[in-house]
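A short write-up of the structure that comes next.
There are 2 protein chains.
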Amino acid sequence: MKPINVGLLGLGTVGGGTLTVLRRNAREITRRAGREIRVTMAAVRNVERARQQYGGQGLVITDDGGAVVNHPDIDIVVELIGGLEPARTLVLQAIANGKHVVTANKALIAKHGNEIFAAAQDKGIMVAFEAAVGGGIPIIKAIREGLTANRIEWVAGIINGTTNFILSEMRDKGLPFDQVLAEAQRLGYAEADPTFDIEGIDAAHKLTILSAIAFGIPMQFDKAYTEGISKLTKEDIRYAEELGYRIKLLGITKRTDQGIELRVHPTLIPARRLIANVEGVMNAVLVKGDAVGATLYYGRGAGAEPTASAVVADLVDVTRMATADPENRVPHLAFQPDALSNEPILPMGEVRTSYYLRMRAYDRPGVLADITRILADLGISIDAMIQKEPLEGQEQVDIIMLTHDTLEKHVLAAIERIEALASVSGPVVKLRLEHLG
Amino acid sequence: MKPINVGLLGLGTVGGGTLTVLRRNAREITRRAGREIRVTMAAVRNVERARQQYGGQGLVITDDGGAVVNHPDIDIVVELIGGLEPARTLVLQAIANGKHVVTANKALIAKHGNEIFAAAQDKGIMVAFEAAVGGGIPIIKAIREGLTANRIEWVAGIINGTTNFILSEMRDKGLPFDQVLAEAQRLGYAEADPTFDIEGIDAAHKLTILSAIAFGIPMQFDKAYTEGISKLTKEDIRYAEELGYRIKLLGITKRTDQGIELRVHPTLIPARRLIANVEGVMNAVLVKGDAVGATLYYGRGAGAEPTASAVVADLVDVTRMATADPENRVPHLAFQPDALSNEPILPMGEVRTSYYLRMRAYDRPGVLADITRILADLGISIDAMIQKEPLEGQEQVDIIMLTHDTLEKHVLAAIERIEALASVSGPVVKLRLEHLG
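These protein sequence lines are chains A and B, in that order. Quick note, the first sequence lines up with residues 1 to 437 if you use my numbering. Quick note, the second sequence lines up with residues 438 to 874 if you use my numbering.
This is how it looks when you write it as structure tokens:
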């Protein structure tokens with residue numbers, strides 16, 4: 001099937017990530033999309049540097065964005081320049097030329113989305129913007145397609161990683177805002193001019209987009225209430241904690257009988273809520289629908305490859321939807337029927353994971369030596385251990401061991417030998433352990 | 438635009454929920470889908486009872502499933518009978534008749550998915566099954582469409598609410614399995630014969646589906662390793678806790694160089710992980726992709742309306758994808774362009790939420806009376822309060838109050854009056870508080 005030709009505007013962090021992911025996972029993506037998606041042109045500021053870093057594989061690199069949006073061979077334009085201009089002009093030109101557009105530009109969508117979507121509608125063109133909110137979390141898709149049954153009641157999200165990192169650090173370490181901001185800047189989590197992030201403007205851009213797709217209203221960024229975290233003190237974070245709350249910078253949009261709330265501000269939320277425990281640069285969005293109840297979506301909200309994940313998902317979506325033939329629908333099993341794999345399912349003995357082992361042993365010398373010798377002989381190493389005191393009047397003690405990763409068949413062999421020890425009574429309890437890191 | 442006619446097989450919990458949601462949110466769903474989606478036929482066991490409960494609005498109720506799948510006016514058949522037969526025969530018959538199918542039947546998909554998808558492929562028909570895994574959480578869509586850029590590394594999920602409820606209760610209350618199971622049965626969270634849930638079979642059905650779409654392999658339910666929670670003791674839950682872990686029944690599927698792991702079993706996971714804190718009947722699925730990193734999806738995994746949420750989302754998807762015209766694509770703002778709403782954005786003064794107020798006051802009689810009088814006069818009621826001891830050598834104390842929901846303009850008025858009190862020094866700190874319940 002004919003490949004889809006993509007033109008990139010921008011090859012910075014997200015542009016580079018997009019190219020990298022498309023190249024690295026080309027086979028996997030083609031198995032899913034049913035055709036190759038390849039970047040054939042890219043417009044950058046520094047052509048020489050981009051050629052050195054990303055040249056080859058038939059990629060034409062230019063410093064003229066107009067050349068990309070006007071090129072007759074380009075099917076989809078991906079706008080990753082950021083900011084309002086020239087992004088807006090180039091996107092509108094791409095649409096005028098009948099090219100579909102994918103963008104990660106939240107400011108552009110929040111401020112000029114109404115104009116852009118109207119132009120796209122006129123031309124029968126798609127403008128996809130999953131990467132504009134929540135980085136790699138498919139939150140636009142979840143609300144726009146996954147929850148179509150629902151009357152959405154409200155959306156509340158941690159949608160700016162920089163401020164969530166700062167708030168997490170202020171709480172963890174009891175440090176004041178200024179000091180943590182400096183640390184975030186040193187780590188590259190905050191920009192030299194951090195205003196957009198810390199004053200809530202970036203979050204308000206994203207919230208404006210979420211509000212529009214949740215309630216079916218136009219983009220109204222100018223009506224968003226925006227309050228940042230720069231005035232927040234560590235005392236208030238501590239008092240909130242004492243009362244059972246965490247402070248997060250939330251974007252909240254809610255439907256009421258009087259109208260729609262659209263607001264970004266530091267917010268106390270009960271510490272037991274899952275979203276209160278989203279730490280560091282991670283993002284999470286809570287969506288309340290009348291049928292589904294509360295659902296939560298969590299993941300990395302920024303960074304080269306997480307954002308590229310959303311950009312490429314949009315490319316696959318546009319590829320599928322732009323072609324009317326049934327062969328380009330979402331395949332039942334995510335991959336095209338002729339691209340299914342015959343990788344074998346592993347028998348349990350060959351599974352590698354960590355283990356919790358509990359055994360009941362007589363409290364006498366040498367027991368632990370016998371057990372640990374058996375584990376060592378089978379190459380099983382111990383990560384943690386508890387030996388409980390014997391209960392009053394009992395001769396036996398519980399020994400609990402956590403192992404490092406090992407093959408299940410080795411653990412089974414070890415258990416058989418441990419159970420055969422005279423000093424161990426009854427069966428060994430075996431549970432598996434996953435770090436999910 | 439011509440309405441889509443839906444035929445339901447089954448009007449039990451999920452079928453009833455689907456009909457209810459489609460009727461209640463008809464306007465919202467039409468605004469999204471661009472055309473009406475209406476249930477015109479339903480096959481049930483007890484026709485009389487169903488007529489009493491759901492009759493009217495042009496709904497034809499029959500006890501003959503064949504009449505639904507063979508009716509020429511039906512566009513989409515929704516199978517909500519559960520079990521393998523007659524579900525399988527009816528679904529295959531619907532496909533043979535050229536009708537798209539939506540199903541919530543995990544056992545059917547896990548065991549006969551390969552046959553069903555092959556038949557659907559031959560006829561150019563769609564079979565959608567979002568409701569088969571994770572209830573209302575759009576997890577199939579997230580993996581199949583949202584993460585297409587990624588080489589998926591592993592998926593780990595709490596995908597059975599009954600067992601998660603039992604494990605949460607065992608841990609919270611230190612009770613043994615049998616006792617909590619009996620409680621779960623009394624509450625309707627566990628069935629009279631709980632085998633499917635507690636032995637992990639239901640989770641293995643769902644995991645089989647997740648594995649297939651994550652890795653592009655056929656359904657291989659017979660190769661899934663399945664171990665339930667019925668032998669789990671409260672002692673092991675407590676020991677795990679001491680070591681910093683929670684025990685959850687996880688479905689895990691992982692890609693390794695040797696093959697694919699496919700296993701359901703009780704699993705220790707670090708207590709600090711978000712997924713370790715998913716309690717009660719809630720479900721959550723963690724997906725690790727090479728580009729996006731770890732993403733988490735959380736929500737209700739069962740119940741009439743959460744499951745109906747997924748069924749209806751599939752109906753909207755099939756409606757959109759089955760028609761080739763651009764007008765039926767996913768609209769940019771989730772709702773059709775001519776169905777956007779002009780609901781106003783509320784000014785902040787009209788926003789109703791709870792508040793955290795911190796004020797610094799001189800430690801003298803009557804201060805608290807003055808402050809609480811001001812709040813009462815403005816109709817603001819207090820939910821919690823802390824008054825801190827004055828620090829050594831200081832005359833002032835911090836007073837922190839949490840309010841119940843109130844209008845922001847009333848809080849602003851109260852703050853103005855409180856700041857005017859001679860006994861209060863400096864500005865009142867105001868933060869908003871959301872329960873997100």
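C-beta: ideal position from N, C-alpha, C; glycine also.
Does DSSP put residue i in a helix, a strand or coil?
i, result
"B:Thr585", "coil"
"B:Thr843", "strand"
"A:Phe335", "strand"
"A:Arg246", "strand"
"B:Tyr626", "coil"
"B:Pro864", "strand"
"A:Asn283", "strand"
"B:Ile511", "coil"
"B:Trp670", "Here residue 670 of chain B turns out to be Thr, not Trp, going by the sequence shown. Reduced to three states, the DSSP call for B:Thr670 is coil."
"B:His872", "coil"
"B:Glu567", "helix"
"A:Arg255", "strand"
"A:Asn164", "helix"
"A:Met1", "coil"
"A:Val330", "coil"
"A:Met401", "strand"
"B:Val715", "coil"
"B:Leu445", "strand"
"B:Ala593", "strand"
"B:Leu456", "helix"
"B:Leu644", "helix"
"A:Glu419", "helix"
"B:Glu698", "strand"
"A:Leu268", "strand"
"B:Tyr725", "In the sequence on display, residue 725 of chain B carries Lys and not Tyr. B:Lys725 falls in the strand class under three-state DSSP."
Please list the partners that residue i has in chain A, where partner means a Cβ-to-Cβ separation under 8 Å.
i, result
"B:Phe554", "His332, Leu333 and Pro337"
"B:Ile823", "Tyr239, Glu242 and Leu243"
"B:Asn462", "Ala149, Asn150, Arg151, Asp290 and Ala291"
"B:Met785", "Tyr225 and Arg263"
"B:Leu870", "Tyr245, Thr267, Leu268 and Ile269"
Residues of chain B with CB closer than 7 Å to the CB of residue i, please, in chain order.
i, result
"A:Ile345", "Gln657, Lys660, Gly696, Ile697 and Leu699"
"A:Val429", "Asp673"
"A:Leu402", "Leu680"
"A:Asp317", "Glu582"
Residues of chain A with CB under 7 Å from residue i, in chain order?
i, result
"B:Tyr793", "Ala240 and Leu268"
"B:Asn714", "Leu274 and Asn277"
"B:Ile574", "Thr295"
Name, please, each residue of chain A whose Cβ falls closer than 9 Å to the Cβ of residue i.
i, result
"B:Ala640", "Correct list: empty, because the minimum Cβ distance to chain A is about 14 Å."
"B:Ala745", "Ala149, Ala291 and Val292"
"B:Met758", "Arg320, Met321, Pro326, Arg329 and Val330"
"B:Arg468", "Gly216"
Give the interface partners of residue i over in chain B, defined as CB-CB distance under 8 Å, in chain order.
i, result
"A:Gly440", "No information on residue 440 of chain A is available, as it lies outside the stretch 1 to 437 that chain A covers here."
"A:Phe215", "Ser778 and Glu780"
"A:Val312", "Thr585, Ala586 and Ala728"
"A:Met1", "Here the premise fails: no neighbours, minimum Cβ distance about 16 Å."
Say the cut is 6 Å; is the CB of residue i nearer than that to a heavy atom of the ligand SAM?
i, result
"A:Pro390", "Of ligands this structure carries none, so the ligand SAM is not represented either."
Just to make sure I have the definition right: I need the residues of chain B whose C-beta is within less than 9 Å of the C-beta of residue i. Which are they?
i, result
"A:Gly174", "In chain order: nothing, as chain B lies at least about 16 Å away."
Residues within the segment 594-609 of chain B neighbouring chain A, beta-carbon criterion of under 9 Å = none
Are at least three pairs of beta-carbons, each pair with one atom in the segment 410-425 of chain A and one in the segment 677-696 of chain B, less than 8 Å apart?
-> Fewer than three Cβ pairs drawn from the segment 410-425 of chain A and the segment 677-696 of chain B lie within less than 8 Å of each other, which leaves the two stretches out of contact.
Is there contact here, the segment 847-855 of chain B with the segment 267-286 of chain A, by at least three beta-carbon pairs under 8 Å?
-> no
Going along the chain, which unbroken runs of the alpha helix (DSSP H) with 4 or more residues stay wholly within the segment 342-397 of chain A?
-> 367-377
The segment 216-224 of chain A touching the segment 777-791 of chain B, judged by at least three CB pairs closer than 8 Å = Contact annotation: the segment 216-224 of chain A touches the segment 777-791 of chain B, with at least three C-beta pairs closer than 8 Å.
Residues within the segment 117-131 of chain A neighbouring chain B, beta-carbon criterion of under 9 Å = Taking 9 Å as the upper bound on Cβ-Cβ separation, chain B lies near residues Phe117, Ala118, Ala120, Gln121, Gly124, Ile125, Met126, Val127, Ala128, Phe129 and Glu130 of the segment 117-131 of chain A.
Pair every Cβ in the segment 121-136 of chain A with every Cβ in the segment 308-321 of chain A, then say whether three or more of these pairs are closer than 8 Å.
-> Here the segment 121-136 of chain A makes contact with the segment 308-321 of chain A; the two share three or more CB pairs at distances below 8 Å.
Contained alpha helix (DSSP H) runs [length at least 4] in the segment 290-328 of chain A, N- to C-terminal order | Listed in chain order, the complete alpha helix (DSSP H) runs (minimum 4 residues) inside the segment 290-328 of chain A are 304-322.
Where are the beta strand (DSSP E) runs, 3 residues long or more, that stay fully inside the segment 29-93 of chain A, in chain order?
-> With a minimum length of 3 residues, the continuous beta strand (DSSP E) runs that stay inside the segment 29-93 of chain A are 37-43, 60-62 and 76-79.
Any chance the segment 788-800 of chain B sits against the segment 834-844 of chain B, with 3 or more Cβ pairs inside 8 Å?
-> yes
Decide yes or no for the touch test of the segment 478-493 of chain B against the segment 529-540 of chain B: beta carbon pairs closer than 8 Å, at least 3 of them.
-> The segment 478-493 of chain B vs the segment 529-540 of chain B: no contact.
Decide yes or no for the touch test of the segment 506-513 of chain B against the segment 444-460 of chain B: beta carbon pairs closer than 8 Å, at least 3 of them.
-> As far as the Cβ criterion goes, the segment 506-513 of chain B touches the segment 444-460 of chain B, which means the pair count is three or higher.
Could you tell me whether the segment 137-151 of chain A touches the segment 278-294 of chain A, where touching means 3 or more Cβ pairs closer than 8 Å?
-> yes
Touching by the beta-carbon criterion (3+ pairs, under 8 Å), the segment 600-612 of chain B and the segment 655-673 of chain B | yes
Give, in chain order, every residue of the segment 82-97 of chain A whose Cβ lies closer than 8 Å to some Cβ of chain B.
-> The segment 82-97 of chain A vs chain B, Cβ under 8 Å: nothing.
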